[in-house]
Every structure is written in C-alpha cells, then in structure tokens.
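Novice:
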Amino acid sequence: NEDRSTSVDDLLIAQAPEAPASSPAQSRTAAASKPLGIRIGQIAINDGSANFADLTLTPNFATAVQQLNGQIGTIDNRQAAPAKVDVKGKVDRYAPVTIKGALNPFNPLASLDIATSFKRVELTTLTPYSGKFAGYRIRKGRLNLDLHYLISNGQLKAENKVVIEQLQLGEKVDSPDAVDLPVRLAVALLKDTQGKISIELPVSGDLNNPQFSVMPIVWQTLRNLVLRAAQAPFKFIGGLIAGGGSQDLGTVAFAPGSSDLSAEAQAALDKLGEALKGRPQLRLEIEGTSAQSSDGPLIAEQRLEREYQAIWYKILQRRGDKVPANASLLVVDDSDKPAMLEGIYRTRLKQQPPAEWEQLDRDARTTRLREAVLKSWAESTALLRTLGQDRASSIKDYLVDKGKLEDDRVYFIDTHLGQAEPDGRVITPMHLDAE
101 NEDRSTSVDD LLIAQAPEAP ASSPAQSRTA AASKPLGIRI GQIAINDGSA
151 NFADLTLTPN FATAVQQLNG QIGTIDNRQA APAKVDVKGK VDRYAPVTIK
201 GALNPFNPLA SLDIATSFKR VELTTLTPYS GKFAGYRIRK GRLNLDLHYL
251 ISNGQLKAEN KVVIEQLQLG EKVDSPDAVD LPVRLAVALL KDTQGKISIE
301 LPVSGDLNNP QFSVMPIVWQ TLRNLVLRAA QAPFKFIGGL IAGGGSQDLG
351 TVAFAPGSSD LSAEAQAALD KLGEALKGRP QLRLEIEGTS AQSSDGPLIA
401 EQRLEREYQA IWYKILQRRG DKVPANASLL VVDDSDKPAM LEGIYRTRLK
451 QQPPAEWEQL DRDARTTRLR EAVLKSWAES TALLRTLGQD RASSIKDYLV
501 DKGKLEDDRV YFIDTHLGQA EPDGRVITPM HLDAE
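Numbering (this note's numbering), first residue to last: 101 to 535.
#1: Pull up the distance between the alpha-carbon of Leu368 and that of Ala472, whole angstroms please.
#2: The alpha helix (DSSP H) with Glu458 in it runs from where to where?
#3: Quick check on DSSP: helix, strand or coil for Ile495?
#4: May I ask you to report which of helix, strand or coil DSSP gives Ala164?
#5: Got a sec, what are the start and stop residues for the beta strand (DSSP E) Leu376 sits in?
#6: For Val283, is the classification buried or exposed, using 16 other Cβ atoms within 10 angstroms of its Cβ as the cut-off for buried?
#7: Which two residues bound the contiguous alpha helix (DSSP H) that contains Gly396?
#8: Starting from Pro438, follow the alpha helix (DSSP H) in both directions and report where the run begins and ends.
#9: Quick check on the burial criterion: 16 or more other C-beta atoms within 10 angstroms. Buried or exposed for Glu395?
#10: Taking buried to mean at least 16 other C-beta atoms within 10 Å of its own C-beta, is Asp103 buried or exposed?
#11: Where DSSP assigns a beta bridge to Asn260, which residues make up the other side?
#12: With H, G and I counted as helix, E and B as strand and the rest as coil, what does DSSP make of Ala353?
#13: Suppose only complete runs of 3+ residues qualify. What are the beta strand (DSSP E) ranges in the region 183–224, listed by chain order?
#14: Okay, do the region 447–454 and the region 360–378 touch, 3+ Cβ pairs below 8 Å being the bar?
#15: Write down the C-beta distance between Gln167 and Asp192 rounded to the nearest angstrom, noting that I regard them as a contact closer than 8 Å.
#16: Residues bridged to Lys296 by DSSP?
#17: Alpha helix (DSSP H) containing Ala329: first to last residue?
#18: So the beta strand (DSSP E) Thr515 belongs to, where does it begin and stop?
#19: Go ahead and pull the three-state DSSP assignment for Ile138.
#20: Find the nearest neighbour of Ala210 within the set Gln179, Ala288 and Arg323, judged by alpha-carbon distance.
#21: Tell me which same chain residues have a C-beta within less than 7 Å of the C-beta of Gln402, skipping the five on either side of it?
#22: Name the one or two DSSP bridge partners that Ile337 has.
#23: For Ser230, report the span of its alpha helix (DSSP H) as first-last.
#24: I'd like the span of the alpha helix (DSSP H) that includes Leu429, first residue to last.
#25: Is Phe218 near Asp186, with beta carbons less than 9 Å apart?
#26: Quick one: grab the DSSP three-state call for Ile389.
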C-alpha cells in the first residue's frame with residue numbers, strides 16, 4: 101500500500117493490554133503446560149495464484165504467480181520433522197517457478213532446506229524498481245534466479261545465483277534513491293559475449309544474532325561488485341582472463357620521445373585485447389599523452405635530424421645524385437650540418453640570428469643556433485601533441501592488427517600534456533565506456 105502497510109497487517113488482531121503479573125506459582129504452572137497443538141495435514145495446491153503489488157513505487161509494481169500446483173507436507177508443531185515442499189507455478193503466465201525442499205514453519209531456525217528457481221522472468225516488469233534504485237528504466241531483458249537456503253541450528257548457508265539475459269537499459273529516470281554509479285558501464289563490464297550477466301552471491305551467518313540480516317548483506321555484496329567493476333574497470337576485466345587479474349591493463353608506458361611499444365606493453369595489450377573480446381559492449385578510449393620534461397628535448401633532436409635529412413635529400417636531387425626512396429634513410433655528415441642550420445634557424449624561428457652572434461667563431465655560433473632551434477621545438481605544443489597522437493595510434497594499431505579487435509570499438513580522445521614518471525617514462529591512460 102502507499103503507506104507501506106501490507107494486506108497481512110489487516111489480518112493481525114490488536115493485542116489486549118497486558119494483564120497484571122501473575123504469581124510465581126501460576127507462572128510455574130503455565131510454563132509446565134504443553135503448548136497448544138497445531139497440526140495441518142498435507143496441503144494440495146491446484147491451479148492457485150498469488151498476487152503481489154507495491155504501491156509505494158511510481159509507477160506501481162504488480163506481478164502474479166499463476167498456475168500454482170504442488171504439495172506442502174504435514175505441519176505439526178509437536179514434531180521436529182520438517183514438512184516437505186514441492187510447488188510449481190509461472191510468473192506472469194510464462195516464466196516457470198519451482199519451490200522445493202523442507203521446512204518447519206514453527207521453528208525455521210532449527211532446520212530449513214529450500215531451493216527456489218525462477219526462469220525467464222521478464223525484467224520489464226521490474227522497471228519501477230530499476231528506475232527507483234538504478235536510475236534507468238529497463239527496455240529489455242530476462243531474469244533467471246536460483247536460490248538455495250540451508251539453515252541448521254540457526255546457521256545459514258545461502259546461495260544466490262543470478263543470470264540476466266540480454267539486458268538493455270532504457271531511458272534515464274530522475275530518482276533521489278538511485279545509486280550514484282555508472283550503471284551503463286557496469287552492465288557492459290558484466291555482460292559476456294552471449295549477452296548474459298552471471299552473478300553468484302553466497303551468504304552465510306548466524307541467524308541467532310539479531311544484528312545479522314540476509315537481504316542487506318546480499319544487496320551490499322551486489323553493490324560492492326558493481327562498485328568494484330565501475331571504479332577499477334581494467335582490473336575487473338583483467339580478472340576475466342588467466343594472468344590478468346593483478347595487472348592494471350588501463351595504462352601503457354612509453355620511453356621518452358618514443359611511440360614504440362615495449363615488449364612489456366605488448367604483453368599487456370595482448371591481455372587487454374583478449375579481455376575486451378569477452379565484453380563486446382565495451383568501447384576503449386585512448387588518451388595519447390606526452391610530457392614536455394622528458395619528451396620535449398628528444399622530439400626536438402628528432403625533428404632537427406629530420407630537417408637535416410630533408411635538406412640534404414633536396415641537395416642530392418638537384419645534383420642529380422641517386423637518392424633513397426625516403427629522406428629518413430639518409431645519413432647526413434656532421435660537417436654539412438652547420439650550413440644547413442643557418443637556414444633552419446631563419447625558416448623555423450622566422451627571424452634572423454642576433455647581431456652579436458656575428459662575433460662568435462663558427463663552432464660557437466653553430467652551438468647557439470642549435471640550442472635556439474632545439475629549445476623552440478622542445479617547447480612546441482604541436483610536436484608534443486603529435487607524439488601523443490602517435491602513441492595512441494601505436495596502441496590502436498596493435499590491438500586491431502595483432503589483437504584482431506574491431507577498429508570501431510577503439511576511440512581516440514583528445515591528447516593530454518602530462519607529467520613524466522621519475523624514470524622518464526610517460527604513461528598513456530586508457531578509459532572504458534559502454535556502447
């Protein structure tokens with residue numbers, strides 16, 4: 101009901117005020133008497149039904165278990181033997197339900213062994229709950245639930261196995277009770293290649309302890325699973341493959357000034373590619389990164405060497421000399437570089453060398469020219485961004501060419517100018533998103 105009361109509350113009879121305390125003799129007599137005997141013979145259920153509605157939700161939730169058939173054995177509060185239960189039915193006409201086992205309703209903590217199974221329950225009926233607690237409607241999906249609860253002398257051992265098939269979230273719902281978690285990403289992390297989400301939630305504990313409650317533990321365990329997946333997604337998917345659980349597959353380290361993948365990086369990407377194949381709804385985002393402190397000086401040296409090669413290539417062509425297919429294959433003699441450096445300085449820095457450098461000898465002037473050119477390129481945001489893009493491309497190329505990952509699942513996001521590690525390496529981070 102809207103006030104959170106249930107139909108069971110209407111059946112309860114209000115208790116009369118407590119009678120005055122009886123004398124000790126009367127208490128002993130009452131304690132010694134036997135409890136009222138209650139015996140219910142075997143119960144047969146034929147084509148029964150049970151309806152449930154939760155009017156506290158908007159929209160309201162309602163479901164029914166129909167075609168109920170089965171038996172419940174003899175219930176007797178003077179016998180320790182539990183009653184056998186064997187009941188079958190269907191949720192909303194099509195989804196099979198079975199309840200089987202044994203229980204003693206007069207002393208459930210002493211002995212209980214009940215297995216319950218729900219198969220192919222349409223998840224769209226649970227949209228009122230998903231909207232309230234997850235913040236999304238359910239567009240499509242089916243639920244398979246296998247529960248086994250075993251109690252012996254108050255000690256509970258429970259197994260909760262959940263398999264969700266083809267879950268698709270619908271539109272977002274504004275709910276103050278919704279969890280603050282990336283639900284779509286969590287679903288994609290949990291869903292396998294067959295579109296199934298399989299979760300096992302074992303629970304054990306002492307039911308004699310008033311602080312112990314089953315459902316809060318189940319929900320907290322489920323929430324922790326989703327939270328762990330969402331907060332550390334690369335470690336989560338790494339745990340799906342052999343040898344990947346303890347490794348952070350979400351970063352790739354590059355040597356200063358380089359976009360080449362090390363053997364260690366390739367091994368990690370092999371594992372990442374394998375894990376991503378097992379989670380087809382995940383998209384990988386690569387954030388190409390460079391660091392001026394360690395990359396800048398090296399990319400400046402590399403750029404200057406390419407300038408020497410390009411100029412020398414043109415000189416050889418004008419002479420009519422034989423040239424290789426690519427200028428990068430040329431080796432430029434150091435003695436030819438000072439003359440080229442004069443032109444490189446003027447062209448790339450778009451200015452004339454300072455007049456006072458005219459007084460320097462050839463070697464000193466060449467040193468000043470070289471330092472100025474290198475400083476300009478070492479601080480070039482454009483060159484640093486290009487290196488970051490090259491690093492992102494190296495990662496994607498490896499995953500697509502070697503790992504056989506679909507190229508449309510790998511995205512580049514804007515390059516990042518970051519900080520180098522203490523050893524000079526530069527870390528390129530990756531991110532996961534859901535389709």
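For glycine and all other residues, C-beta sits at the position ideal for the given N, C-alpha and C. These numbers come from a predicted model, not from an experiment.
Specialist: Walking through what the data contain:
#1: The residue you asked about is not Leu; residue 368 is Ala in the sequence shown. About 40 Å.
#2: Careful: Glu458 lies outside any alpha helix (DSSP H) and carries neither H nor E.
#3: helix
#4: strand
#5: Counting along the chain, Leu376 falls outside any beta strand (DSSP E), though it belongs to the alpha helix (DSSP H) covering Ala363 to Lys377.
#6: buried
#7: Gln392 to Arg419
#8: Lys437 to Leu449
#9: Just to set this straight, residue 395 is Asp in the shown sequence, not Glu. Result: buried.
#10: Because Asp103 sits at a pLDDT of 49, beneath the cut-off of 50, its placement in the model cannot be relied upon, and the point is left open.
#11: Leu247
#12: strand
#13: 183–191, 195–203 and 211–222
#14: no
#15: With 8 Å as the limit, Gln167 and Asp192 do not qualify as a contact, their Cβ atoms being about 11 Å apart.
#16: Glu265
#17: Val314 to Gln331
#18: Val510 to Leu517
#19: coil
#20: Gln179
#21: Gly357
#22: Ile337 pairs with nothing; no bridge assigned.
#23: Thr227 to Phe233
#24: Run containing Leu429: none; DSSP gives neither H nor E here.
#25: no
#26: The sequence given here places Thr at residue 389; Ile does not occur at that position. Three-state DSSP puts Thr389 in a strand.
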